[in-house]
Structure formats: structure tokens, C-alpha cells
Amino acid sequence: MTQIERMTEAAIPEIAPLVALFRVTLKAFKGITASPNDNEGAFELKGYLDAGFPVFTARKEGVYCGYMVCRVDEPCVWVESIYVLPEFRRQGVATALFRKAEELAASYGEDTLYNYVHPNNKGIIEFLKSRGYTVLNLIEIRKPYTGEKLTRKIQVDENQFDY
2 MTQIERMTEA
12 AIPEIAPLVA
22 LFRVTLKAFK
32 GITASPNDNE
42 GAFELKGYLD
52 AGFPVFTARK
62 EGVYCGYMVC
72 RVDEPCVWVE
82 SIYVLPEFRR
92 QGVATALFRK
102 AEELAASYGE
112 DTLYNYVHPN
122 NKGIIEFLKS
132 RGYTVLNLIE
142 IRKPYTGEKL
152 TRKIQVDENQ
162 FDY
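For the sequence shown, this note's numbering begins at 2 and goes up steadily by one.
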């Protein structure tokens, strides 16, 4: 059974490595090789907690195996990040975390969450689709990162973007 808890500062040392792995994964989607940095993960988590962001942890068999960060812009709730260790995927961990975020949104009278998703993250896209999340809401546009490998073009309506 997956246990979902609201994170406190005491859990930072145990959750920071998951945040560090999430950041490595995101960079890999952009073609950037990186190593996990637990100190940066801890700093990021502390920033979320200090800003009052709801952060939830998932434990299975006593092991922290996932986390999710939400941002509340009343009445909207955004899932800033959700990560599950690979060996715990497809075991209901992300579903349990996501349900918690949907409960949070419902507490503000909303029936949807807003999700930031990297277009290469096929796993989370399929997960969201399976939960009925199919509306493209926003497009984020930025300059390329140093060292980023852009290999494709994406068409949205009459606009073409590097990707």
C-alpha cells in the first residue's frame, strides 16, 4: 500500500535525492547529460516549503519512492513536478500522489489540475491522458539552453517552434 503524506522539513534529506534524479531526467529530455546533486535537490525542496507549496511524499514498504510538488494560485492548482523512482513505477504510486493533488484542487472548487509537462516525457503524457487530461493549455517559449540539442520542429497552428 502506498502512503501519501504532506512533506515537512524533516523529510528533506530523504526526498532531496529524488528531486535530484527528477532534474537529471528533465535535462536528459533536452539532450543534456547531468549527474544528480542532492544538495541542489534539498535547496529546491526547502524553497518550495518556505514558499508554502504543498509537497507530498509517497512511501511504499517504508521507502520514500516518490514526491509531488503543487503550486496553488487560487483557485487553480498546478502540479509543478511529480517523480517516482523507476523501480516503483506502474505500482500506483503516481496515481496515489495525483489523487492527492486532485483532492487539493477540489478543496478550491476546481475539477482539474494544471500540469507542466516536457513534450518528450511520454510516460507522464500517457499517464495524464489515462486520467482524462487531454487539453493543451499553454505553450512555454524560451531561448535554447547552453548545450541543448534541438533536433526537431513542432507545428502549433500556424507557428513553428524549435524542439
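Virtual Cβ for every residue (Gly too), placed ideally from N, Cα, C.
In this text the structure is predicted, and so the values were computed from the model without any measurement.
Segment limits, alpha helix (DSSP H) that includes residue i
i     : result
Val25 : 13 to 30
Euclidean distance between Cα positions of residue i and residue j
i      : j      : result
Thr113 : Val85  : 21 Å
Ala21  : Glu159 : 37 Å
Gly63  : Phe128 : 25 Å
Thr26  : Gly124 : 12 Å
Gly42  : Arg24  : 8 Å
Val73  : Asp163 : 30 Å
Pro14  : Gln161 : 42 Å
Ala102 : Arg132 : 13 Å
Glu111 : Phe99  : 14 Å
Met2   : Gln156 : 42 Å
Leu137 : Trp79  : 14 Å
Glu141 : Glu81  : 14 Å
Ile83  : Phe30  : 15 Å
Asn122 : Ala11  : 30 Å
Gly93  : Ala59  : 10 Å
Helix, strand or coil at residue i [DSSP, three-state]
i      : result
Tyr146 : coil
Phe44  : helix
Supposed close pair residue i, residue j - CB separation, criterion 8 Å
i      : j      : result
Tyr49  : Ile16  : With 8 Å as the limit, Tyr49 and Ile16 do not qualify as a contact, their Cβ atoms being about 10 Å apart.
Ile33  : Glu149 : 6 Å
Tyr117 : Glu75  : That pair is no contact at about 18 Å.
Boundaries (first-last residue) of the beta strand (DSSP E) holding residue i
i      : result
Ala35  : Run containing Ala35: none; DSSP gives neither H nor E here.
Glu81  : 77 to 85
Phe57  : 56 to 61
Tyr164 : First-last for Tyr164: undefined, no H or E at that position.
Gly173 : The first residue shown for the chain is 2 and the last is 164, placing residue 173 beyond what the model contains.
Met69  : 64 to 74
Thr3   : 3 to 7
Proximity test, Cβ basis, 8 Å: residue i and chain C
i      : result
Thr152 : Absent from the structure: chain C. Only one protein chain is present.
What are the uninterrupted segments assigned as beta strand (DSSP E) that are 3 or more residues long and contained completely in the region 100 to 162, given in chain order?
-> 154 to 157
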